[in-house]
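K.L.:
From first to last, the protein sequence lines are chains S and X. Using the numbering used here, read the first sequence as starting at -13 and increasing by one per residue. Using the numbering used here, read the second sequence as starting at -13 and increasing by one per residue. Ideal placement from N, C-alpha and C gives every residue a C-beta, glycine not left out. Because the structure is a prediction, the values reported are computed rather than measured. Structure incoming, see below.
Number of protein chains: 2
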Amino acid sequence: MGWAAVSADDNLLKLVEAEEPDENDYRLQEQVGFILRKAHQRHVSIFAAHIADLTPPQFAALAKLRDVGETSQNQLGSLIAMDAATVKGVIDRLKARGFVELSKHEVDKRRLLVSLTAEGRDAIDRLIPLAREITQETLAPLSAKEAAIFMKLLAKLA
Amino acid sequence: MGWAAVSADDNLLKLVEAEEPDENDYRLQEQVGFILRKAHQRHVSIFAAHIADLTPPQFAALAKLRDVGETSQNQLGSLIAMDAATVKGVIDRLKARGFVELSKHEVDKRRLLVSLTAEGRDAIDRLIPLAREITQETLAPLSAKEAAIFMKLLAKLA
DNA sequence: TTGATATCATTTGCATACGAATGAATTTCC
DNA sequence: GGAAATTCATTCGTATGCAAATGATATCAA
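This is how it looks when you write it as structure tokens:
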């Protein structure tokens, strides 16, 4: 009885495994998260090759400030997808470089207003053409049509 | 002559500007780098919701070790796209958790061999089904067909 | 063989990235 | 009006991620 039962269990196990051959062939390099991380790394590397003295988050902060003018730190953070702790560090470093200046909101005393300095505006205006090249080089492995499709799908994911 | 020349220059300038209206309408949220960063952030967040006690890089290290068995630290790093400094920290933390063990290469004394412990193998085997859910949820905004196209194009970029 | 190179690993320094805790100021709601 | 909840900013701790410098070991080449 013992032998027969074990044998039946073995067969059942094999059937189950045949229906789910997944467990054993998980391929890390094909997972979206892994490739996303690599694609992001590649982009950051291309960015650094074109703009050595500013990081992508710092550039994003300046570019957004150029769009919206003066805003609070948190507001800016939400516009460029950074939480409060992260945006503070970015703004601190931009302030130390003289690219942004801070002031207190007159009415709401909690808020810290951030705005571009003249130097910051010059910098971002000067860097935007380079940023276009960065975008182009990042998308270079794709044809124009592929790039358009990719951007549409990527936007859906983000 | 002076007036005529200036006038001609003005017209020329306007033509050039008409051909390149770019400078003023750089849209950060449409740049591939910015969206790539956001998509990556979203994936990391989904990952954390499913696997709270391990980060994506730590998971990648375990998954790759499961594939290839014992390897050197640097070799593992190149397999999962981490430089030497980064992979060291990841392996250190996995070692502290008892998921990997280190040993010296007998022949080449520079190399530090990394391998899964029994506990590490149990962990990765247990987590792989969750990782499949993470991949699925990350791609959820796309239809099956869109996801297939996206993965092909993303792989070209990375 | 030995001197130049290259590889493996470590360390340091800097810059995101985010959860959690804290304090100050504001808004909401009863 | 005032207590409760919310918002804004800061700080701390932990974890990538990478450049650059360093030391130990291997390999290559003259």
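1. From the DSSP output, in three-state form, read off Ser64 (chain S) for me.
2. Between Gln59 (chain S) and chain X, is the shortest Cβ-Cβ distance under 8 Å, so that the two count as touching?
3. Closest to Val73 (chain X) by CA distance: which of X:Pro42, X:Lys138, X:Val18 and X:Ala117 is it?
4. In the DSSP assignment, find the unbroken alpha helix (DSSP H) run with Ser31 (chain S) in it and report its ends.
5. For Gln27 (chain S), which residues in chain X fall below 9 Å Cβ to Cβ?
6. Where do the N-terminal and C-terminal ends of the beta strand (DSSP E) with Glu87 (chain S) fall, by residue?
7. With distances taken from CA atoms, which of S:Gly55, S:Ile77, S:Arg28 and S:Gln17 is nearest Phe45 (chain S)?
8. Alpha carbons only, please: which of X:Glu105, X:Leu22 and X:Gly75 is nearest the one belonging to Arg52 (chain X)?
9. Nearest CA to the CA of Val100 (chain S): which residue from S:Asp39, S:Ala133 and S:Ser58?
10. Hey, out of S:Lys81, S:Val18, S:Ala70 and S:Arg96, whose CA is closest to Arg28 (chain X)'s CA?
11. In the DSSP output, which residue or residues are listed as bridge partners for Thr72 (chain S)?
12. Count the other C-beta atoms from every protein chain shown that fall within 10 angstroms of the C-beta of Leu40 (chain S), then say buried if there are 16 or more, exposed otherwise.
13. Ignore the nearest five residues each way along the sequence and tell me which others in Phe20 (chain X)'s own chain have a CB closer than 7 Å to its CB.
14. Under 8 Å, with one C-beta from each stretch per pair, do the region 103 to 117 of chain X and the region 78 to 88 of chain X reach the 3-pair mark?
15. Measure the C-alpha to C-alpha separation of Glu145 (chain S) and Leu98 (chain S) and round it to an integer number of angstroms.
16. When you check each C-beta in the region 110 to 132 of chain S against every C-beta of chain X, which residues fall closer than 8 Å?
17. In chain order, what residues of the region 13 to 45 of chain S put their CB closer than 9 Å to some CB of chain X?
18. Where does Asp140 (chain X) fall in DSSP's three states?
19. So is Ala134 (chain X) in contact with chain S if we call contact Cβ pairs under 8 Å?
20. Could you please give me the residues that DSSP links to Thr57 (chain X) through a beta bridge?
21. Can you pull the chain S residues whose beta carbon is under 8 Å from the beta carbon of Ala49 (chain X), in chain order?
22. Might you give, ordered along the chain, the residues of its own chain that have their beta carbon closer than 8 Å to the beta carbon of Ile114 (chain S), omitting 5 neighbours on each side?
23. Tell whether a beta-carbon distance below 8 Å holds between Leu139 (chain X) and Phe33 (chain S).
24. Take Ala141 (chain S) as the anchor and find which of X:Gln61, X:Asn60 and X:Leu22 has the nearest alpha-carbon.
P.N.:
Taking the structure as given:
1. The count along the first sequence starts at 1 and reaches residue 64 (chain S) at position 78. Residue state, collapsed to three classes: helix.
2. Here the question's residue 59 (chain S) lines up with position 73 in the first sequence. No, Gln59 (chain S) lies away from the interface with chain X (no Cβ there is under 8 Å from its Cβ).
3. Translated into the one-based positions of the second sequence, residue 73 (chain X) becomes position 87. Measuring from the Cα of Val73 (chain X), the nearest candidate turns out to be X:Pro42.
4. By 1-based counting over the first sequence, the position of residue 31 (chain S) is 45. Ser31 (chain S) -> alpha helix (DSSP H) spans Val18 to His36.
5. Taking the first residue of the first sequence as 1, we reach residue 27 (chain S) at position 41. The answer, in chain order, is Ala67 and Ala144.
6. Within the first sequence, residue 87 (chain S) is the residue found at index 101, counting from 1. That run of the beta strand (DSSP E) goes Val86 to Lys90.
7. Indexing the first sequence from 1 puts residue 45 (chain S) at position 59. Comparing Cα-Cα distances from Phe45 (chain S) to each of S:Gly55, S:Ile77, S:Arg28 and S:Gln17, the minimum goes to S:Ile77.
8. For the purposes of this step, residue 52 (chain X) is identified with residue 66 of the second sequence, where counting begins at 1. Of the listed residues, the one whose Cα sits closest to Arg52 (chain X) is X:Glu105.
9. Taking the first residue of the first sequence as 1, we reach residue 100 (chain S) at position 114. Minimum Cα distance to Val100 (chain S) is reached at S:Ser58.
10. As a first step, residue 28 (chain X) is located in the second sequence; it is residue number 42 there, counting from the start. Selected option, being the one with the closest Cα: S:Val18.
11. Here residue 72 (chain S) refers to the residue found at position 86 when the first sequence is read from its first residue. Thr72 (chain S) is not bridged to any residue.
12. Locating residue 40 (chain S) in the first sequence gives position 54, where the first residue counts as 1. Leu40 (chain S) is buried by the Cβ-count criterion.
13. The residue labelled residue 20 (chain X) in the question sits at position 34 within the second sequence. Excluding residues within five positions, the ones whose Cβ falls inside 7 Å are Leu14.
14. yes
15. Since the first and last residues shown for chain S are -13 and 144, residue 145 (chain S) lies out of range.
16. Asp111, Ile114, Pro115, Ala117, Arg118, Ile120, Thr121, Thr124, Leu125, Pro127, Leu128 and Glu132
17. Arg13, Leu14, Gln15, Glu16, Gln17, Val18, Gly19, Phe20, Ile21, Leu22, Arg23, Lys24, Ala25, His26, Gln27, Arg28, His29, Val30, Ile32, Phe33, Pro42, Pro43 and Phe45
18. Position 154 of the second sequence, counting from 1, holds the residue named residue 140 (chain X). First, the amino acid is wrong: residue 140 (chain X) is Leu here, not Asp. If DSSP states are grouped into helix, strand and coil, Leu140 (chain X) belongs with the helices.
19. To locate residue 134 (chain X), count along the second sequence from 1; it is residue 148. So, not an interface residue.
20. For this step, residue 57 (chain X) is matched to residue 71 along the second sequence. BP columns for Thr57 (chain X) point to X:Val100.
21. On the second sequence, residue 49 (chain X) is found 63 positions in, with the first residue counted as 1. The answer, in chain order, is Tyr12 and Leu14.
22. The residue labelled residue 114 (chain S) in the question sits at position 128 within the first sequence. These residues qualify, in order along the chain: Ala49.
23. Locating residue 139 (chain X) in the second sequence gives position 153, where the first residue counts as 1. Locating residue 33 (chain S) in the first sequence gives position 47, where the first residue counts as 1. No, they are not a contact pair.
24. If you number the first sequence from 1, residue 141 (chain S) lands on position 155. Checking every option, the nearest Cα to that of Ala141 (chain S) belongs to X:Leu22.
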